[in-house]
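Chemist:
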Amino acid sequence: MSPEAVGIIGIGVVVVLMLARMWIGLSMALVGFLGVAYLRGLDGALGVLGTVPFKYVAFYPISAIPLFVFMAVIIANTGIGSSLFNSAHAWLGQLRGGLAMASILACAGMAAIMGDSVAEVVTMSKVAVPEMKKYKYDSQLASGSVAAGGTLGILIPPSLGFIMYGILTEQSVGALFMAGILPGLLLTCLFLAAVRIVVAMRPDAGPPGPRTTFKEKVLSLKGTWHTMLLFVMIIGGIYAGIFTPTEAAAVGAFGAIVISAASRRLTLKGLVGSIVEATRVSAMIVLLIMGAFILMKFLAMSKFPFALADFINDLALPRYGVFAAIIILYVLLGMFLDVFAAVVLTIPVIFPVVTGLGFDPIWFGVIIVLVLEMGLITPPVGMNVFAMAGVTGIPLDTIFRGVLPFVIAMIVCVILLVIFPQIALFIPGRV
Numbered sequence: 088m089s090p091e092a093v094g095i096i097g098i099g100v101v102v103v104l105m106l107a108r109m110w111i112g113l114s115m116a117l118v119g120f121l122g123v124a125y126l127r128g129l130d131g132a133l134g135v136l137g138t139v140p141f142k143y144v145a146f147y148p149i150s151a152i153p154l155f156v157f158m159a160v161i162i163a164n165t166g167i168g169s170s171l172f173n174s175a176h177a178w179l180g181q182l183r184g185g186l187a188m189a190s191i192l193a194c195a196g197m198a199a200i201m202g203d204s205v206a207e208v209v210t211m212s213k214v215a216v217p218e219m220k221k222y223k224y225d226s227q228l229a230s231g232s233v234a235a236g237g238t239l240g241i242l243i244p245p246s247l248g249f250i251m252y253g254i255l256t257e258q259s260v261g262a263l264f265m266a267g268i269l270p271g272l273l274l275t276c277l278f279l280a281a282v283r284i285v286v287a288m289r290p291d292a293g294p295p296g297p298r299t300t301f302k303e304k305v306l307s308l309k310g311t312w313h314t315m316l317l318f319v320m321i322i323g324g325i326y327a328g329i330f331t332p333t334e335a336a337a338v339g340a341f342g343a344i345v346i347s348a349a350s351r352r353l354t355l356k357g358l359v360g361s362i363v364e365a366t367r368v369s370a371m372i373v374l375l376i377m378g379a380f381i382l383m384k385f386l387a388m389s390k391f392p393f394a395l396a397d398f399i400n401d402l403a404l405p406r407y408g409v410f411a412a413i414i415i416l417y418v419l420l421g422m423f424l425d426v427f428a429a430v431v432l433t434i435p436v437i438f439p440v441v442t443g444l445g446f447d448p449i450w451f452g453v454i455i456v457l458v459l460e461m462g463l464i465t466p467p468v469g470m471n472v473f474a475m476a477g478v479t480g481i482p483l484d485t486i487f488r489g490v491l492p493f494v495i496a497m498i499v500c501v502i503l504l505v506i507f508p509q510i511a512l513f514i515p516g517r518v
């Protein structure tokens, strides 16, 4: 059997094991180990198992992941999301659909310091949805705006998805962070436009709330200073070249502790709980990375990714036709897998194809993260939707109908990024 055929079979086995609900990281590590054993013998497989996990898990940039996770957990557990929503509420609540727009802006603010979509949805569901129900908002608009707003969590930096992509493709994580800023702002604006269109078509979906004075608006900004400070420290520090993304993660984690403690939001019990939760999440991500690199070693030995790239190039298909097929693949994967799992499973195969077609790897990383985020709010799985349903009790079919306008907004965002790639590449080109 040819090495390429062994690689194809290996990918198929990984998919079968995932469908059988085996841990994704473990399934990739197992298939990678057995594949290397078939191609290079048991000694070669044991050598890979003994060197690859340590080499890449002990890799310095990896330490950014547990630090950013810890920062996100601290933020989620100390009520900062409530402060952001209250501030946005004060400025926009008097508008028709204003609370839904306030939810999206609060999600964007949380995204700038969290980097995790599902955690953001859980946090904002507890804060924003009860307030919208209080003002008789339609359940579709209320749930859809929060579920969609949560997708900003892994597009606006700092983003764990960008860290994972950068490590697997050996691209600059700092450049990926910079590349996510303008697309994140663009998507936020498109979400706000989607809300305005919904309430223009159905005015009763988002009734206007009570007016606030200008003084009340200004005073509400007091609850946003910690978010602005953390974002400027992290992204501003990277942009100015003061520190690397890994150092920025350490600064952000320390800053989150100091700010939460100074505002009397963090207790010793809460700190210990945050450490335990961050350790659990980080261990899951590190297992994914470990399995991904063992699988990548096997696929490199099988030469399947390069054979696939050569095959596609020989077909002489239009490059954007191939790109469209890749996007459709990621939309489908995003319906069933989270961003981390989809990236580590596919990048070893897809990335050589993309670079062979001449696409910019930084721009492609932004596109992939955005498309996979779309999967978080589309059936049949839609993890953001399930998370919201679990917290709020709103029926799944209601939430899925509510996110439809925002899915359309995300499609528009992808199209704009394809037509105008400089939206993503402008800031990295200036660093």
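Numbering follows the numbering used here, with no gaps: position 398 of the sequence shown is 485.
By construction, the Cβ of each residue, glycine as well, lies at the ideal position given by its N, Cα and C atoms.
Check for me: the alpha helix (DSSP H) holding Tyr143 runs from which residue to which?
Modeler: Unbroken alpha helix (DSSP H) run through Tyr143: Ile111 to Val144.
Chemist: Given a threshold of 16 other Cβ atoms within 10 Å of its Cβ, counted over all protein chains shown, does Asp401 qualify as buried or as exposed?
Modeler: Per the 10 Å Cβ criterion, exposed.
Chemist: Ser212 lies in the alpha helix (DSSP H); which residues open and close that run?
Modeler: It spans Ser204 to Lys221 - the alpha helix (DSSP H) in which Ser212 sits, taken as one unbroken run.
Chemist: So Ile464 and Ala476 are in contact, right, with Cβ under 8 Å, and what is the actual spacing, rounded?
Modeler: Actually they do not touch by this definition, with Cβ atoms about 12 Å apart.
Chemist: Of all the alpha helix (DSSP H) runs that stay within the bounds of the stretch 282-357, which reach a length of 4 or more residues?
Modeler: Here the runs fully enclosed are 301-307, 312-318 and 332-349.
Chemist: Cβ of Arg289 versus every heavy atom of the ligand FAD: is any distance shorter than 7 Å?
Modeler: With respect to the ligand FAD, the structure shown offers nothing to examine, as it has no ligands at all.
Chemist: What residue range is occupied by the uninterrupted alpha helix (DSSP H) comprising Thr238?
Modeler: Counting along the chain, Thr238 falls outside any alpha helix (DSSP H), and DSSP gives it neither H nor E.
Chemist: Taking 8 Å as the cut-off, decide whether the C-beta atoms of Ser347 and Thr165 are in contact.
Modeler: Closer than 8 Å, so yes.
Chemist: Would you mind giving the Cβ-Cβ distance between Ile243 and Gly271, rounded to the nearest angstrom? I have them listed as a contact below 8 Å.
Modeler: Yes, Ile243 and Gly271 are in contact; Cβ-Cβ is about 4 Å, under 8 Å.
Chemist: Look up Asp401 in the DSSP assignment and say whether it is helix, strand or coil.
Modeler: Residue state, collapsed to three classes: helix.
Chemist: Can you give the Cα-Cα distance for Leu136 and Leu386, rounded to whole angstroms?
Modeler: If you take the alpha carbons of Leu136 and Leu386, they lie about 15 Å apart.
Chemist: Relative to the C-alpha of Val314, which residue among Ala195, Phe507, Ala189 and Ala177 is closest?
Modeler: Note that residue 314 is Thr in the sequence shown here, rather than Val. Ranking the options by Cα distance to Thr314, first place goes to Ala195.
Chemist: Nearest to Val472 by CA position, among Val436, Ile514 and Val205, is which residue?
Modeler: Residue Val205 is the option with its Cα nearest to Val472.
Chemist: According to DSSP, is Lys384 helix, strand or coil?
Modeler: Looking at Lys384 - three-state DSSP - the assignment turns out to be helix.
Chemist: Give the single residue among Glu364, Phe493 and Ala428 whose Cα lies nearest to the Cα of Ile162.
Modeler: Ile162 has its Cα closest to that of Glu364, out of Glu364, Phe493 and Ala428.
Chemist: Using the beta-carbon count (16 or more within 10 Å), is Gly323 buried or exposed?
Modeler: Exposed is the call here.
Chemist: Tell me, to the nearest whole angstrom, how far the beta carbon of Met572 is from that of Pro148; I am working on the premise that it is less than 8 Å.
Modeler: What the structure shows of the chain is the stretch from 88 to 518, and residue 572 is not part of that stretch, so it cannot be assessed.
Chemist: Are the CB atoms of Ile514 and Ala335 within a distance shorter than 8 Å?
Modeler: No, the pair does not count as a contact, with Cβ atoms beyond the cut-off.
Chemist: Contact defined as beta carbons within less than 8 Å: I believe Val441 pairs with Phe427. What is the distance between those atoms, to the nearest angstrom?
Modeler: Actually they are not in contact, since the Cβ atoms of Val441 and Phe427 sit about 19 Å apart, beyond 8 Å.
Chemist: Gly184 by DSSP, collapsed to three states: which one?
Modeler: Gly184 falls in the coil class under three-state DSSP.
Chemist: Give me the Cβ distance between Met470 and Pro140, rounded to the nearest whole Å; I'm assuming they're in contact under 8 Å.
Modeler: About 27 Å separates the two Cβ atoms, so there is no contact after all.
Chemist: Which first and last residues belong to the alpha helix (DSSP H) in which Pro435 is found?
Modeler: Counting along the chain, the alpha helix (DSSP H) containing Pro435 begins and ends at Val426 to Gly443.
Chemist: Anyone know if the C-beta pair for Ser150 and Thr331 falls short of 8 Å?
Modeler: Going by C-beta atoms, Ser150 is not nearer than 8 Å to Thr331.
Chemist: If the criterion is Cβ atoms closer than 8 Å, does the pair Asn173 and Gly310 meet it?
Modeler: For Asn173 and Gly310, yes; Cβs fall inside 8 Å.
Chemist: Whose CA, out of Leu308, Met461, Val118 and Val123, lies closest to the CA of Leu179?
Modeler: Checked all of Leu308, Met461, Val118 and Val123; the closest Cα to Leu179 is Leu308.
Chemist: When you compare only the Cα positions, how much space is there between Gly131 and Leu121?
Modeler: About 10 Å.
Chemist: For Tyr252, is the classification buried or exposed, using 16 other Cβ atoms within 10 angstroms of its Cβ as the cut-off for buried?
Modeler: Buried, by the Cβ-count rule.
Chemist: Taking Ser232 and Ser190 to be in contact with their CB atoms under 8 Å, please state how far apart those CB atoms are, rounded to whole angstroms.
Modeler: Yes, Ser232 and Ser190 are in contact; Cβ-Cβ is about 5 Å, under 8 Å.
Chemist: Alpha carbons only, please: which of Val305, Ser259, Thr300 and Val436 is nearest the one belonging to Gly94?
Modeler: With distances taken between Cα atoms, Gly94 lies closest to Val436.
Chemist: If you compare alpha carbons, which of Pro290, Pro405, Met461 and Ala396 is closest to Ile434?
Modeler: The residue with the shortest Cα to Cα distance from Ile434 is Ala396.
Chemist: Quick check: the Cα distance between Val359 and Phe157, rounded to an integer number of angstroms?
Modeler: Going by the C-alpha atoms only, they are around 11 Å apart.
Chemist: Alpha carbon to alpha carbon, how far is Phe446 from Leu192?
Modeler: C-alpha separation (whole angstroms): 32 Å.
Chemist: Between Tyr224 and Ala292, which are expected to be in contact by the criterion C-beta below 8 Å, what is the C-beta distance as a whole number of angstroms?
Modeler: Between Ala292 and Tyr224 the Cβ distance is about 7 Å, and since that is below 8 Å, they are a contact.
Chemist: Return the first residue and the last residue of the alpha helix (DSSP H) that Leu419 is part of.
Modeler: Run containing Leu419: Arg406 to Phe423, per the alpha helix (DSSP H) assignment.
Chemist: Give the straight-line distance between the Cα atoms of Ala229 and Glu257, rounded to the nearest whole angstrom.
Modeler: If I take the Cα positions, the gap works out to 40 Å.
Chemist: For Phe393, which residues of its own chain have a beta-carbon under 8 Å away from its beta-carbon, when the five flanking residues on both sides are left out?
Modeler: Excluding positions up to five away in sequence, the list reads Pro439.
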